[in-house]
Amino acid sequence: MQAFTKLTGIAAPLPKANVDTDQIIPARFLKSISRDGFGKNLFANFRFKEDGTENPDFVLNQEPYRKAEVLIAFENFGCGSSREHAPWALLDFGIRCVIAPDFADIFNNNCFKNGVLPVRLPREICEKLMEDAKMGGNARISVDLERQVVVRPNGEEIPFQTDPLRRHLMLNGLDDIGQTMQHAPAIDGFEARQRAAQPWLYT
Amino acid sequence: MSAQKPRTLFDKIWAAHVVETLPDGTALLYIDLHLTHEVTTPQAFDGLRAAGRKVRRPDATLAVVDHNIATDDSRRTGIVDPESRLQVETLEKNVVEFGVPYIPLLDDRQGIVHVIGPELGRSLPGMTIVCGDSHTSTHGAMGALAFGIGTSEVEHVLATQTLLQKPAKNMRVSVDGNLAFGCSGKDIVLAIIGKIGTAGGTGHVIEYAGDAIRALDMAGRMTVCNMTIEGGARAGMVAPDQTTFDYIAKTPNGPKGEAFKRALEWWKTLPSDAGAHFDKELRLAAHEIAPQVTWGTNPEAVLPITGIVPNPADEGDEAKRAQLQRMVDYMGLTPGQRLTDLKVDVVFVGSCTNSRIEDIRAAAAIAKGRRVADHVRALVVPGSGLVKKQAEAEGLDRILREAGFEWREAGCSMCLGMNPDKLTPGQRSASTSNRNFEGRQGPGGRTHLLSPAMAAAAALAGHLADVRDYQPKGAI
Ligand code: SF4
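Note that the protein sequences, when read in sequence, are chains S and V.
Heads up: the first sequence is residues 84 to 286, going by my numbering.
Heads up: the second sequence is residues 98 to 573, going by my numbering.
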């Protein structure tokens with residue numbers, strides 16, 4: 084996983100609540116067996132018209148948002164399915180951070196595991212950031228995970244909170260599995276106890 | 098010895114599976130059963146291969162194909178779509194390489210992952226169950242803690258049989274009294290989501306309680322737990338009781354004999370203790386629930402079938418008004434229109450929400466001796482090969498076919514636009530599945546969610562209809 088420390092870039096405004104995973108990456112694009120290449124179908128139903136041509140009204144088809152690295156949205160972002168293809172599509176497009184008032188649980192987890200940082204900030208602040216983002220190339224937003232602040236184009240610093248363990252793993256680009264494997268003796272012990280107490284769980 | 102603090106069903110299962118608690122409060126949680134399918138696993142197996150890791154407990158892992166496959170005879174001659182075929186073939190290669198038990202496409206036991214787990218007796222009370230699929234919440238009906246995970250977590254479970262998890266909060270939803278005529282588990286859960294909204298359960302595990310839940314059969318409980326995820330909760334659960342134990346006793350792979358007796362002792366200790374703390378509580382009166390149908394593009398946009406399409410102009414909040422307007426436009430509706438006036442093109446009875454034998458019986462009971470409207474295409478897709486066989490043994494396939502329904506092979510089918518069963522743009526469907534998002538059943542498709550009996554009524558009427566107007570014609 085790519086580490087996330089600090090990023091300064093273009094933020095795309097997506098002033099919608101309940102952006103679900105089918106909107107982020109429609110099911111018909113889930114057929115790849117690799118983690119790459121989903122970016123071209125990110126928000127496909129909004130980005131492309133029925134004949135496959137680009138919809139010029141959608142924010143990610145406009146300059147400078149084609150190069151957006153941050154996405155600002157409203158409540159309950161990422162609701163719907165557990166598909167990890169949603170953060171993969173964001174990442175593959177180039178978006179490393181989503182800022183919203185809240186996120187669906189599974190999506191939130193999946194983001195952290197893939198180096199996409201979900202930042203939860205109150206609605207009023209998201210509204211301000213939405214206005215900042217609408218200024219396009221003239222307004223770069225910084226997201227600093229080390230210091231846990233979002234810096235607005237006018238220099239105002241907005242603190243946010245992240246789970247300490249997730250933050251540690253993300254700052255260092257560490258893989259969860261390697262970490263967990265250090266607990267192998269405890270897992271062995273658990274299995275031995277469970278096998279004795281509930282043998283029907285072992286075949 | 099000091100008396101132990103009363104605990105919930107969730108608390109008990111959680112505590113029994115914590116391997117270790119990390120300094121920040123994250124638990125390393127042991128996973129008893131890991132169900133897998135073709136869509137969310139290829140990248141996980143790739144990760145294992147790249148790191149030279151093995152599957153820690155193949156015996157606690159089960160693989161099946163369901164999302165990508167055709168549900169007509171063409172499944173016997175091979176999958177046509179090259180990308181779908183590649184996903185299925187990749188799973189078949191991976192299960193061989195990693196030694197994971199696999200139910201192949203043409204096996205009688207093949208079916209939707211959330212139907213086969215309970216049906217085979219693999220999903221049991223007190224277990225922790227995961228799958229790379231949000232509707233894993235279905236298995237909570239067995240009295241298990243079951244939730245969906247992403248592909249990185251699939252890889253984590255394959256390699257370590259554990260997950261890093263923070264405890265959830267407890268929420269209890271009690272449905273008291275008796276359900277009215279024409280209503281089912283589907284109507285209960287739609288009514289709940291209508292009340293709490295699609296984010297109402299966020300951060301919580303919901304335990305369903307009350308006489309109306311106790312009175313549901315296992316299929317009804319599974320429907321309720323299945324759609325818990327649509328209310329934003331991590332998982333849904335029903336405490337195991339005699340209904341649960343009787344169901345397990347009839348499954349092919351559940352514990353037998355001495356093992357069953359021992360298991361039963363532990364299962365009986367699971368229900369929440371009197372006085373256990375719930376962070377949130379909701380009570381509903383069962384008799385107030387009428388047959389439900391969604392009108393918009395998320396499951397909280399739901400109304401009794403007697404309702405009318407809402408007018409976005411009545412909504413005070415600007416953002417909400419815009420969202421309602423978008424729903425009305427996408428769904429091709431007119432504010433004030435009666436829901437029963439909405440003509441449907443397609444009716445789908447199936448999906449992990451409603452494709453069990455009880456669901457098919459419910460649809461057949463309404464369809465018996467009647468005809469599907471001429472302009473409607475109606476499909477019944479059993480959740481598994483075993484459900485299909487059972488239905489055929491009961492003659493339900495004949496009743497449905499005679500009424501004009503298509504009778505299909507098991508799979509996810511028209512629940513999501515990933516296999517050949519899709520809506521075309523603008524088509525309106527009455528569907529027993531769980532999501533009515535834009536494009537879910539195919540680009541431009543318009544989905545109304547409802548129960549199997551309501552779906553059957555819509556097929557006969559040719560428009561959304563009130564099942565209470567369709568008394569069954571004789572027993573089935
Ligand atoms: S039936 Fe639908 S919701 Fe259930 S597993 Fe299949 S695609 Fe997912």
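For every residue, glycine included, the Cβ atom is placed at its ideal position computed from N, Cα and C.
Note that the coordinates shown come from a computational prediction; the quantities given were computed from them, not determined experimentally.
What is the residue span of the alpha helix (DSSP H) that residue i lies within?
i: A95 of chain S; result: That residue, A95 of chain S, is in no alpha helix (DSSP H); its beta strand (DSSP E) goes K89 to L97.
i: M315 of chain V; result: M315 to N323
i: G144 of chain V; result: P139 to A148
i: L188 of chain V; result: P179 to F195
i: T340 of chain V; result: Q339 to A346
i: M57 of chain V; result: Within the shown structure, residues of chain V are numbered from 98 to 573, placing residue 57 of chain V beyond reach of any answer.
i: E362 of chain V; result: G354 to W364
i: L130 of chain V; result: Taken as a continuous stretch (DSSP letters only), L130 of chain V belongs to no alpha helix (DSSP H), being part of the beta strand (DSSP E) at L130 to T133.
i: A216 of chain S; result: R206 to K217
To the nearest whole angstrom, what separates the beta carbons of residue i and residue j, a pair I think is in contact under 8 angstroms?
i: A151 of chain S; j: L143 of chain S; result: 7 angstroms
i: N533 of chain V; j: T394 of chain V; result: 6 angstroms
i: D273 of chain V; j: A382 of chain V; result: 6 angstroms
i: Q106 of chain S; j: F126 of chain S; result: 6 angstroms
i: P432 of chain V; j: P409 of chain V; result: 7 angstroms
i: R474 of chain V; j: D442 of chain V; result: 7 angstroms
i: A172 of chain S; j: N128 of chain S; result: Contact doesn't hold; Cβ gap of about 12 angstroms is too wide.
i: Q389 of chain V; j: V406 of chain V; result: 15 angstroms between Cβ atoms; not a contact.
At 7 angstroms on the CB atoms, spell out the chain S contacts of residue i, in chain order.
i: P139 of chain V; result: I116
i: G536 of chain V; result: D105, P109 and N128
i: A332 of chain V; result: By Cβ distance, chain S contributes nothing, its closest Cβ being about 10 angstroms from A332 of chain V, past 7 angstroms.
Does the beta carbon of residue i fall short of 7 angstroms from some heavy atom of the ligand SF4?
i: H472 of chain V; result: no
i: A162 of chain S; result: The question names Ala, yet the displayed sequence has Cys at residue 162 of chain S. Flag unset: Cβ of C162 of chain S not near the ligand SF4.
i: C512 of chain V; result: yes
i: I209 of chain V; result: yes
i: N516 of chain V; result: no
i: S481 of chain V; result: no
i: N531 of chain V; result: yes
i: H232 of chain V; result: yes
i: S448 of chain V; result: yes
i: C322 of chain V; result: no
i: H164 of chain V; result: yes
i: C291 of chain S; result: Only positions 84 to 286 of chain S appear in this structure, which leaves residue 291 of chain S out of reach.
i: C180 of chain S; result: no
i: C509 of chain V; result: yes
Could you name the residues of chain V that residue i contacts, counting a contact when the two beta carbons are closer than 9 angstroms?
i: A95 of chain S; result: Chain V residues near A95 of chain S: none, gap ~18 angstroms exceeds 9 angstroms.
i: Q85 of chain S; result: The contacting residues do not exist; Q85 of chain S stays about 13 angstroms from chain V at best.
i: E240 of chain S; result: What E240 of chain S touches in chain V: nothing, since even the nearest Cβ is about 25 angstroms away.
Can you tell me where the beta strand (DSSP E) holding residue i begins and where it ends?
i: D273 of chain V; result: K266 to D273
i: H232 of chain V; result: Segment: none, H232 of chain V is in no beta strand (DSSP E) and carries neither H nor E.
i: G245 of chain V; result: L242 to G245
i: L126 of chain V; result: A124 to Y127
i: F445 of chain V; result: V443 to V446
i: I182 of chain S; result: C180 to A183
i: D566 of chain V; result: Element bounds for D566 of chain V: n/a, residue is neither H nor E.
i: D227 of chain S; result: R223 to D227
i: R380 of chain V; result: K377 to A382
Run down chain S in chain order and give the residues with a C-beta less than 9 angstroms from the C-beta of residue i.
i: Y127 of chain V; result: I270, F273, E274 and Q277
i: W363 of chain V; result: A280 and Q281
i: R532 of chain V; result: D103, D105, G163 and S164
For residue i, which residues in chain S fall below 8 angstroms Cβ to Cβ?
i: P409 of chain V; result: The contacting residues do not exist; P409 of chain V stays about 15 angstroms from chain S at best.
i: M428 of chain V; result: Simply none; closest approach about 15 angstroms.
i: Q389 of chain V; result: Here the premise fails: no neighbours, minimum Cβ distance about 20 angstroms.
i: Q451 of chain V; result: Strictly speaking, residue 451 of chain V in this sequence is Asn, with Gln absent from that position. Going along chain S, no residue has its Cβ under 8 angstroms from N451 of chain V, so there is no contact; the nearest lies around 18 angstroms.
i: L367 of chain V; result: Correct list: empty, because the minimum Cβ distance to chain S is about 13 angstroms.
i: H253 of chain V; result: D259, I260 and T263
So residue i contacts chain V; which residues on that side make the cut at Cβ distance below 7 angstroms?
i: E229 of chain S; result: Going along chain V, no residue has its Cβ under 7 angstroms from E229 of chain S, so there is no contact; the nearest lies around 18 angstroms.
i: E188 of chain S; result: First, the amino acid is wrong: residue 188 of chain S is Asp here, not Glu. The answer, in chain order, is T299, G300 and R331.
i: A100 of chain S; result: A416 and Q420
For residue i, go through chain V and note every residue whose CB falls closer than 8 angstroms to its CB, in chain order.
i: M264 of chain S; result: A256 and T257
i: D175 of chain S; result: Going along chain V, no residue has its Cβ under 8 angstroms from D175 of chain S, so there is no contact; the nearest lies around 13 angstroms.
i: T158 of chain S; result: Here residue 158 of chain S turns out to be Glu, not Thr, going by the sequence shown. Those are A296, listed as they occur along chain V.
message: Count Cβ pairs between the stretch 199–208 of chain V and the stretch 227–239 of chain V that sit closer than 8 angstroms; are there 3 or more?
response: no
query: Taking one C-beta from the stretch 241–260 of chain V and one from the stretch 351–358 of chain V each time, how about it: are there three or more such pairs within less than 8 angstroms?
result: no
- request: Decide yes or no for the touch test of the stretch 166–186 of chain V against the stretch 117–132 of chain V: beta carbon pairs closer than 8 angstroms, at least 3 of them.
  value: no
task: Could you tell me whether the stretch 243–251 of chain S touches the stretch 265–280 of chain S, where touching means 3 or more Cβ pairs closer than 8 angstroms?
output: no
task: Give a yes or no on contact between the stretch 106–124 of chain V and the stretch 366–373 of chain V, applying the rule of three or more CB pairs nearer than 8 angstroms.
output: yes
message: Contact between the stretch 108–122 of chain S and the stretch 222–239 of chain S is defined here as three or more beta-carbon pairs at a separation below 8 angstroms; is this criterion met?
response: no
field: Three CB pairs or more closer than 8 angstroms across the stretch 161–172 of chain S and the stretch 89–108 of chain S
entry: yes
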